[in-house]
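Same order as they appear, the protein sequences are chains A and B. Going by my numbering, the first residue of the first sequence is number 4, and it counts up by one from there. Going by my numbering, the first residue of the second sequence is number 3, and it counts up by one from there. Backbone N, C-alpha and C fix where the C-beta goes; we use that ideal spot for every residue, glycine too. Structure, as structure tokens:
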Amino acid sequence: MHIVKQLMAIPGVIAAGEYAYRGDRFTSEGALTDEFARMASILCRGNTLSVNMQAEIFDSFAENCGCRPVQGWITRGKRVTVCVVSNYFCFIENRDELLNDVMAIMRAKVGDISDDLLVNLYAKIGGDVNEALY
Amino acid sequence: MDLTKLMDLPGAMAAFMYTDKGELQAHTIREGNEITPQVLGLLTRTCVANQAIAAMEASGWEEVTGQTGFQPLQGFSVVGLEWSVVMNGNCGVIAKNRDVDYEATFSALQAI
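And the structure:
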């Protein structure tokens with residue numbers, strides 16, 4: 004089953020989708036309009052590039068310290084949490100065990116990419132993998 | 003704050019506190035891992051920056067979409083290859099991905 008459909012089948016998942024690193028493509032299911040999904044896609048792209056940049060700096064201080072490549076990030080709000088792994092995002096309610104379950108599924112399905120994450124994902128959408136990404 | 007309590011969280015490799023400007027104030031690192039005080043010193047800067055950006059995004063998102071529940075920010079986490087750093091306020095925990103309990107870690111940091 005596609006990961007977005009798998010996530011949407013879990014009670015408490017508000018929306019899930021996929022975004023492109025170029026920021027020009029997105030798909031989503033759930034409680035987001037096309038415009039909100041577009042905004043979410045841009046937000047996810049920005050944060051992902053930012054944390055990847057941070058991880059590269061950590062790596063220059065302590066090579067192979069275990070942070071790079073970054074798999075994703077989580078923003079925890081009062082009632083809603085946004086989870087991002089690879090180029091997939093998921094908006095969930097703050098319910099018991101839901102965050103751990105969603106992260107386990109996302110990391111198993113699309114995480115743990117051992118090579119350069121950004122180059123991998125950029126290649127998937129047909130971009131120039133040698134182009135500077137940020 | 004007793005950092006040793008944070009070190010009891012599943013998978014915890016290090017726990018730390020930092021100032022509002024991101025200066026490392028106190029830390030505990032479990033022996034036998036690659037985390038160094040130098041890495042923590044840089045990490046705490048990013049903790050402040052990431053939380054500021056996330057709070058801005060939560061505020062903007064609620065304002066533009068009319069959706070609620072994103073504010074107040076109750077933490078941010080960066081999921082690395084082998085470990086995750088989970089932060090809230092002026093404290094953070096680094097935990098191994100294979101053992102980390104994100105909910106318990108966010109809750110522990112929220113309770114501080």
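Exercise. Rounded C-beta distance between A/Gln74 and A/Arg48? I'm assuming under 8 Å.
Worked result: The residue labelled residue 74 of chain A in the question sits at position 71 within the first sequence. The residue labelled residue 48 of chain A in the question sits at position 45 within the first sequence. That belief does not hold up - the Cβ atoms of A/Gln74 and A/Arg48 are roughly 15 Å apart, past 8 Å.
Problem set entry | Straight-line Cα distance separating A/Leu10 from A/Val105 | Residue numbering aside, residue 105 of chain A sits at position 102 when the first sequence is read from its first letter. Residue numbering aside, residue 10 of chain A sits at position 7 when the first sequence is read from its first letter. Straight-line Cα distance between these residues: approximately 7 Å.
Exercise. Can we say the segment 68-84 of chain A touches the segment 55-72 of chain B, given the rule of at least three CB pairs closer than 8 Å?
Worked result: yes
Exercise. Are the beta-carbon atoms belonging to A/Gly20 and A/Phe92 less than 8 Å from one another?
Worked result: What you label residue 20 of chain A is simply residue 17 of the first sequence in a count that begins at 1. What you label residue 92 of chain A is simply residue 89 of the first sequence in a count that begins at 1. Yes, the Cβ-Cβ distance between A/Gly20 and A/Phe92 is below 8 Å.
Problem set entry | Supposed contact pair B/Ala97 and B/Leu11 - C-beta distance, whole angstroms, cut 8 Å | Position 9 of the second sequence, counted from the start, is the residue given in the question as residue 11 of chain B. Position 95 of the second sequence, counted from the start, is the residue given in the question as residue 97 of chain B. Indeed, because the Cβ distance is near 6 Å, the residues count as touching under 8 Å.
Exercise. By how many angstroms is the C-alpha of B/Ile37 removed from the C-alpha of A/Glu59?
Worked result: Position 56 of the first sequence, counted from the first residue, corresponds to residue 59 of chain A. Position 35 of the second sequence, counted from the first residue, corresponds to residue 37 of chain B. Distance between the alpha carbons of A/Glu59 and B/Ile37: 15 Å.
For this session: Going by DSSP, name the residue or residues bridged to B/Trp63.
Result: Locating residue 63 of chain B in the second sequence gives position 61, where the first residue counts as 1. Partner(s): none; B/Trp63 has no beta bridge.
Problem set entry | Boundaries (first-last residue) of the beta strand (DSSP E) holding B/Met115 | Here chain B covers residues 3 to 114 and nothing more, so residue 115 of chain B does not appear.
Problem set entry | Residue nearest to A/Glu96 in terms of C-alpha spacing, selected from A/Met56, A/Ile6 and A/Ala18 | Sequence index remark: in the first sequence, residue 96 of chain A carries index 93 (1-based). Nearest C-alpha to A/Glu96 among A/Met56, A/Ile6 and A/Ala18: A/Ala18.
Exercise. Listed from N- to C-terminal order along the chain, which residues in the segment 71-84 of chain A have their beta-carbon within a distance smaller than 8 Å of any beta-carbon of chain B?
Worked result: Arg71, Pro72, Val73, Gln74, Gly75, Trp76, Ile77, Thr78, Arg79, Gly80, Lys81, Arg82 and Val83
Exercise. Taking DSSP as the reference, what is the three-state secondary structure of B/Lys7?
Worked result: As a first step, residue 7 of chain B must be located in the second sequence, where it is residue number 5. B/Lys7 falls in the helix class under three-state DSSP.
Exercise. Residues of chain A with CB under 7 Å from B/Gly71, in chain order?
Worked result: Stepping through the second sequence from its first residue, residue 71 of chain B is reached at position 69. Those are Gly80, Lys81, Arg82 and Val83, listed as they occur along chain A.
For this session: Indicate whether at least one CB of chain A lies closer than 8 Å to the CB of B/Glu33.
Result: Locating residue 33 of chain B in the second sequence gives position 31, where the first residue counts as 1. For B/Glu33, the answer is no, since every Cβ of chain A falls outside 8 Å of its Cβ.
For this session: Could you tell me the distance, in whole angstroms, from the CA atom of B/Gly13 to the CA atom of B/Leu26?
Result: Mapped onto the second sequence, residue 13 of chain B falls at position 11. Mapped onto the second sequence, residue 26 of chain B falls at position 24. Each residue's Cα considered, the two are about 21 Å apart.
Exercise. Got a sec: is the Cβ-Cβ distance from A/Val16 to anything in chain B below 8 Å?
Worked result: By 1-based counting over the first sequence, the position of residue 16 of chain A is 13. No, its Cβ sits nowhere closer than 8 Å to a Cβ of chain B.
Exercise. Is the beta carbon of B/Gly71 less than 8 Å from the beta carbon of A/Val83?
Worked result: Within the second sequence, residue 71 of chain B is the residue found at index 69, counting from 1. Within the first sequence, residue 83 of chain A is the residue found at index 80, counting from 1. Cβ distance < 8 Å, so B/Gly71 and A/Val83 count as in contact.
For this session: To the nearest angstrom, report how far apart B/Asn52 and B/Gly91 are at their CA atoms.
Result: As a working mapping, residue 52 of chain B is identified with position 50 in the second sequence. As a working mapping, residue 91 of chain B is identified with position 89 in the second sequence. In a straight line, the C-alpha of B/Asn52 is about 11 Å away from that of B/Gly91.
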